[in-house]
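Residue numbers (my numbering), protein chains in the order written: chain L, 1 to 117; chain R, 1001 to 1115.
Worksheet for the structure shown next.
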């Protein structure tokens, strides 16, 4: 069974600085997807970034980028130029696209990020 | 497009009562999911459906039942509510994995309290 671990329950960062959130996972699959979802105080789950395991290039979306280390089973999220609106819970998630339980997301427990002015 | 909607947004139940949560999506997605979110636990999958008329158990299915009679709707039922089912419930939908960039779209959540 796959597991996702987020070892930082809470983090804080000053506005305009850079912060990195950690995620590790365990799987025997070779083809899978990894995601970072954001959950602001409104409770809405919002996709931040997606990484396909077969792609060696790290995904980037504006100020958000990942460091995907497949051999180490590590998937960290870097937020550059942090903004007050980045304050939220961040969840790392794993999905395998084929086989049993295909499409199901397995979430980590989350990291609560606070951006301070 | 409304995306994924959930009804109701809040509900308080007494132990032993029953209720149904409704999820609706207007994106013609095949896959639909029900999750629960508890403090410090992240989201955990209750049941899911890969198409109209099909359902399957997720990680924490006990005490819940689901039905997918129409493609756009996914219902979650609690037959006899227990305090342990106090949680925030999220519905999500997606295309089939492998049909391009994969993403689950989430509803706004339902906060359920069982007293």
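Note that CB positions come from ideal geometry on N, CA and C, so glycine has one too.
### Task
Tell me, please, whether the CB atom of residue 45/L is closer than 8 Å to any CB atom in chain R?
yes
### Query
Does the distance from the C-beta atom of residue 1044/R to that of residue 1089/R stay below 8 Å?
no
### Query
Once you ignore the five residues that flank residue 1038/R on each side, which residues in its own chain have a CB closer than 7 Å to its CB?
1087
### Task
Spell out a yes or no on whether the region 1010-1022 of chain R and the region 45-65 of chain L are touching, meaning 3 or more CB-CB pairs, one atom from each, closer than 8 Å.
no
#### Entry: DSSP-derived helix/strand/coil call for residue 1095/R
coil
### Message
Which residues in chain R have a C-beta closer than 7 Å to the C-beta of residue 107/L? List them in chain order.
### Response
1042, 1043
### Task
Give a yes or no on whether the minimum CB-CB distance between residue 1098/R and chain L is below 8 Å.
yes
### Task
Just list the beta strand (DSSP E) runs in the region 1021-1078 of chain R, keeping only unbroken ones of 3 residues or longer that don't cross its boundaries, in chain order.
1031-1038, 1042-1049, 1065-1067, 1073-1078
### Message
I'd like to know if the region 1015-1033 of chain R and the region 41-49 of chain L are in contact, where contact means that at least 3 CB-CB pairs between them fall below 8 Å.
### Response
no
### Query
Which word fits residue 33/L, buried or exposed, when buried means at least 16 other C-beta atoms lie within 10 angstroms of its C-beta?
buried
#### Entry: Contacts that residue 104/L makes with chain R (C-beta to C-beta distance below 8 Å)
1033, 1045, 1048, 1058
### Query
Sorted by chain position, which residues of the same chain lie with C-beta nearer than 7 Å to residue 1065/R's C-beta, five sequence neighbours on each side aside?
1077, 1079
### Query
How about residue 13/L and residue 19/L: do their beta carbons lie closer than 8 Å?
yes
### Query
First and last residue of the beta strand (DSSP E) that includes residue 1001/R?
Where residue 1001/R is concerned, there is no enclosing beta strand (DSSP E), given that its DSSP letter is neither H nor E.
### Option in 1111/R, 1108/R, 1029/R, 1082/R with minimal Cα separation from residue 1052/R
1029/R
### Query
Considering only residues of the same chain and omitting the five flanking positions on each side of residue 1024/R, which have a CB-CB separation below 6 Å?
1005, 1072, 1073
### Task
On a CA-only basis, which of 1/L, 105/L, 21/L, 7/L is nearest residue 122/L? Give me that one, please.
Because residue 122/L is not part of the residues shown, which for chain L are 1 to 117, the question remains open.
### Task
Give a yes or no on whether the minimum CB-CB distance between residue 1079/R and chain L is below 8 Å.
no
### Selection of the region 1005-1022 of chain R by Cβ proximity to chain L, strictly under 7 Å
none
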